[in-house]
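Notes for the one structure printed next.
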Amino acid sequence: MSSSDDDRPLARTHKANGITNAFTLGHPPKSKDIISESVDKAMDKANPPAAHGAPGISIRNGPVDEMDIDGPVVNSKVNGKRKARSSMGNGKSYKEASEGDDDEANPLSKRRRVSKGKNKAEVDSDSDDAPLVSKKLKTKPPTLVRKPVKASETAIGESEDSDAPLGEKLAKKKADIQKSAAKEAKAIRKDEKEHPKTKANGTASSKKRKSQINGVKKEESDDDGPLAKKAPAKKKANLKTEASPKKKGKTSKVETKEDEEAEAEEEEYRWWEDPTKGDGTKKWTTLEHAGVVFPPEYQTLPSNVQMLYEGKPVRMAPGAEEIAGFFGSMLNSTHNIENPTFQKNFFDDFTKMLKETGGATDRNGNKVNIKEFSKCDFQPIFNYYDAQRTEKKALPAAEKKRLKAEKDAAEAPYMYCMWDNRKQKVGNFRVEPPGLFRGRGDHPKTGRVKKRVDPEQITINIGKEGKVPAPPEGHRWKEIKHDQEGTWLAMWQENINAAYKYVMLAANSDVKGQSDFKKFEKARELKKHIDHIRKDYNAELKDKVMANRQRATAVYLIDQFALRAGNEKGEDEADTVGCCSLKFEHVTLKPPNKVIFDFLGKDSIRFYDEVEVDDQVFKNLKLFKKSPKSDGDEIFDRLTTSALNKHLSNYMNGLTAKVFRTYNASFTMSKLLQDMKSTGSIAEKIVDYNEANRKVAILCNHKRTVAAGHESQMEKLGDRIKGLKYQKWRIKQMMLDIDPKIKKKKEKEEGDDYFRLDEELEEIWIHEHQNFLVEEERQKIEKKFNKENEKLQADGGKEMKHKELEERLEEADRLAKKYKKENKTGKVEAEGKGPTVEKCEGNLVKLDQRINTMLFQAKDKENNKEVALGTSKINYIDPRLTVVFSKKFDVPIEKFFSKTLREKFDWAIKSVDEDWEF
DNA sequence: CACAGTGACTCCGGAGAATTTTA
DNA sequence: CTAAAATTCTCCGGAGTCACTGT
1 MSSSDDDRPL ARTHKANGIT NAFTLGHPPK SKDIISESVD KAMDKANPPA
51 AHGAPGISIR NGPVDEMDID GPVVNSKVNG KRKARSSMGN GKSYKEASEG
101 DDDEANPLSK RRRVSKGKNK AEVDSDSDDA PLVSKKLKTK PPTLVRKPVK
151 ASETAIGESE DSDAPLGEKL AKKKADIQKS AAKEAKAIRK DEKEHPKTKA
201 NGTASSKKRK SQINGVKKEE SDDDGPLAKK APAKKKANLK TEASPKKKGK
251 TSKVETKEDE EAEAEEEEYR WWEDPTKGDG TKKWTTLEHA GVVFPPEYQT
301 LPSNVQMLYE GKPVRMAPGA EEIAGFFGSM LNSTHNIENP TFQKNFFDDF
351 TKMLKETGGA TDRNGNKVNI KEFSKCDFQP IFNYYDAQRT EKKALPAAEK
401 KRLKAEKDAA EAPYMYCMWD NRKQKVGNFR VEPPGLFRGR GDHPKTGRVK
451 KRVDPEQITI NIGKEGKVPA PPEGHRWKEI KHDQEGTWLA MWQENINAAY
501 KYVMLAANSD VKGQSDFKKF EKARELKKHI DHIRKDYNAE LKDKVMANRQ
551 RATAVYLIDQ FALRAGNEKG EDEADTVGCC SLKFEHVTLK PPNKVIFDFL
601 GKDSIRFYDE VEVDDQVFKN LKLFKKSPKS DGDEIFDRLT TSALNKHLSN
651 YMNGLTAKVF RTYNASFTMS KLLQDMKSTG SIAEKIVDYN EANRKVAILC
701 NHKRTVAAGH ESQMEKLGDR IKGLKYQKWR IKQMMLDIDP KIKKKKEKEE
751 GDDYFRLDEE LEEIWIHEHQ NFLVEEERQK IEKKFNKENE KLQADGGKEM
801 KHKELEERLE EADRLAKKYK KENKTGKVEA EGKGPTVEKC EGNLVKLDQR
851 INTMLFQAKD KENNKEVALG TSKINYIDPR LTVVFSKKFD VPIEKFFSKT
901 LREKFDWAIK SVDEDWEF
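Residue numbering for the first sequence follows full-length UniProt numbering, starting at 1 and increasing by one per position.
Take a look at the structure:
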């Protein structure tokens, strides 16, 4: 797929703000810090928890030991986010039972969800907030004594009463609410921050970075000329404290003579592994670009195109009309349009704008108060836009081409930039146009108006010596930066989530290629540590410290099932999860060791899998779901993604949860390709490759919605297969017609049902099929007739008479008659000239082949209907594996990589021979 | 490595355009 | 051979990951 597609360097978004937090209504129950042996044992014996709630185990307050078995199940808590949103009312409180156990104690306990909004003081005293939350909840104020973390944690045998106080959590909730309101405001204020990077801070951790910075600085001062970069760059490499693998240091002659690619240079310069690039903090030395392209201004609708309110047309100011237009133009997207949240958010923003712009009026100029969404009819607007689309589509090809050329010419300057004097393609230089926010899943903000971005909101990042692109007439940029540590050319914040949007280079650029290369090298490096890591986590599955045990279990899941890390999410985002954020209800345990995952992951794509896990993992999950925990509570309540990643980084520099996905995907692909037999045609090899690709996609849970016409397509395919089978039957009958004696012989050789009609071919179907064949024949004849006539006419001759056509059509009638007769007699006369049994058998073989390929096609299609192969191919499977396969089995790389993909993976295509291994 | 914020970069599936295959 | 259907390719922009800062 495409280059840009994948990582689209485009604007990225990120939620900057986070503001949000949940309103937690109660304290979610937490696991104990320390797990006593008795607990473990109990887990062993305990009855299998039923699917969801485990029956009787609950945690009480007592010392660990006792806690394990039974006890009243308390119910629990609630947790923030989702509950607050979806079921606000019921937040239940965490009951006393749970309270006892915790005390919070250590800071260690991760209170991940504590309110973000509040400051810690508030957190501590949860009692304070309680009122806000709900009276009931607050029964017990946990004493929050912060104990020395370490102590409790390390103490294995210690009793744990340590369960943390859940109190803190709730604190945050309310803050969020306010927050969201303030969000927009916040976006605005963001401007003032400067970037942190430059500040000198004394943190120890930043040491490394500092040194790099120094190096950078040096460079800056040194080189001014383009050519100068070389030397300094080298220097920098030395300065690096990082482990940066000095691949081959060669590249020395990095002459980057950009311009035309000097072949010679390319040969030598393996830019993707240039240690002076990418690995450091400094990403470029010189950078020039033309900035961004703004979307066209809003064009008001013709005066006769108006939204109807209660059936009557209304007029409004352009600002409001534009918003109505956003909605009206997407009337065919029922998926969004019918979503209540989408409607509400849209309508709120729409009416707000109406209010700000003077409202709407009817044809007499009287005010019309638009207050009910259901009374709005956007159809006229939709019709207008739709007509425009159709019109545009109907334009003559030449005209379309001209328009496109015009647009391309206008955008040409923005398409490329000069990055360290090499011409590089820019990924997305178009500022996102305004419209309605299409948040996926049940995003609380879906449907809100995404505002037009002004130049005043855009920050440009460019080389000091680069010419700053001119902002639109009468405007200015928000800021001009020269941040060499960033790879972006322009950036702004969007108004919905205050997320950052960046303009970056295209996927086929050097920087992106380098980081892609590095990503896969990192995954390959994991190979060297994976055994060790697995051994460790297997051992830690029994760790006495809850946090460690949870961590080990999480790593197990991430490694085995390719789960994503699972960061905590805010209140104003769709409620989706990953490993660390799995909730009680997402995991169902079926003894002895079966686990069923069912949750919404990234992009609200459902992850459903029934797997068998290691016994200890099963036991742990049971433990993590124990007692007061219930729906809404986190399974890994003692684990955060940062703690997890921190732990992983101990094994290997740069190792994080996501690396496991890359590693497992590539490793799996590598194994599959290795074991593939090299036989078959190119087409067969491609099918084999795709099969492997599909397995990886399934591993990564890359899904797509089943195409609209899938069902009917499958049916059609089935019909074609049946048609072939019917033809087979007819041919066999012909054989009998030719030589009746053959019957016994064939039945003996091939089975008694050799001449029998496949029961799949019902009589009614056959009749339909025959009609279809006859009709098909008829159309063929007509078409041919018409064509010939046209030709005759063109040549100046005279057309054939209609009678001629009728005569020709008799052929079809004869066919129909033939079928009729066959139906009646049950016999089929041999067709063709000089029919022989041998010829028939030859035909049968051919038919069988066609049937087989079609059956295979059908199966393939069915298997693939909800699997998206692209994502794994673009992001997870080391492209070098594909290149190796291509070379080894002599299949052109074009069969696997489209043009843009070949550009994106240029580094891979150039870098390996067929012996390379992942 | 607690935790709330920031910031920046990768990854994802759908929409629509471009191509190819089919009827 | 052409129009339509199916498939493939690109583009788009929303959704995650993860590092780092400041307390």
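Ideal Cβ placement from N, Cα and C applies to all residues, glycine included.
Cβ pair residue i, residue j closer than 8 Å
i	j	result
L655	L644	no
W765	F517	no
T553	V511	no
N823	R694	no
A574	R440	yes
Neighbour-count burial assignment, residue i, 16 or more Cβ in a 10 Å radius
i	result
K677	exposed
S329	buried
F856	exposed
K32	buried
G447	buried
Y608	exposed
P472	exposed
V611	exposed
S509	buried
V706	exposed
T679	exposed
P628	buried
R402	exposed
DSSP three-state assignment for residue i, whether helix, strand or coil
i	result
W419	strand
N461	strand
C580	helix
G359	coil
W492	strand
E399	helix
C376	strand
E760	coil
L436	strand
Q484	coil
P413	helix
K425	strand
F856	helix
K629	coil
F918	coil
I34	strand
Own chain, CB closer than 6 Å to residue i, minus 5 neighbours either side, in chain order
i	result
I213	The pLDDT assigned to I213 is 35, lower than 50, so where the model puts this residue is not dependable; a value taken from the coordinates is nonetheless given after this. None.
R430	V293
A812	V774, E777, R778
V891	I682, K685
F382	G328, L331
I596	T588, E610
Residues near residue i by beta carbon distance below 7 Å, same chain, minus five either side
i	result
P433	P295
F378	M307, A324, F327, G328, L331
N843	I731
L639	A547, Q550, R551, A554, C580
K602	R564, T576
F636	Q550, A554, C580, L582, F624
F599	V577, L582, H586, F607
N794	Before going further, note that residue 794 is Ala rather than Asn in the sequence given. Excluding residues within five positions, none has a Cβ falling inside 7 Å.
Close Cβ partners of residue i (< 8 Å) along its chain, the five nearest in sequence each way excluded
i	result
T459	W477, K478, E479, I480, K481, A490, M491, W492
G718	A858
Validate contact between the stretch 580 to 588 and the stretch 556 to 567 using beta carbons, cut 8 Å, 3 pairs
When C-beta atoms of the stretch 580 to 588 are compared with those of the stretch 556 to 567, three or more pairs fall below 8 Å, so the two segments count as touching.
Using a Cβ distance threshold of 8 Å, determine whether the stretch 392 to 399 contacts the stretch 407 to 419, with at least three qualifying pairs required.
In short, these stretches do not touch, since the Cβ pair count stays below three.
Contact the stretch 661 to 671 vs the stretch 820 to 827: 3+ CB pairs below 8 Å
Segments in contact, no.
Report yes or no: do three or more beta-carbon pairs, one from the stretch 869 to 886 and one from the stretch 483 to 494, lie closer than 8 Å?
At 8 Å Cβ cutoff, the stretches do not touch.
Taking one C-beta from the stretch 709 to 718 and one from the stretch 683 to 691 each time, how about it: are there three or more such pairs within less than 8 Å?
Between the stretch 709 to 718 and the stretch 683 to 691 there are fewer than three inter-stretch CB-CB distances shorter than 8 Å, so the stretches are not counted as touching.
Indicate whether the contact test is met: 3 or more Cβ pairs, each with one atom in the stretch 748 to 759 and one in the stretch 802 to 810, closer than 8 Å.
Between the stretch 748 to 759 and the stretch 802 to 810, the count of C-beta pairs closer than 8 Å stays below three; the two stretches do not touch.
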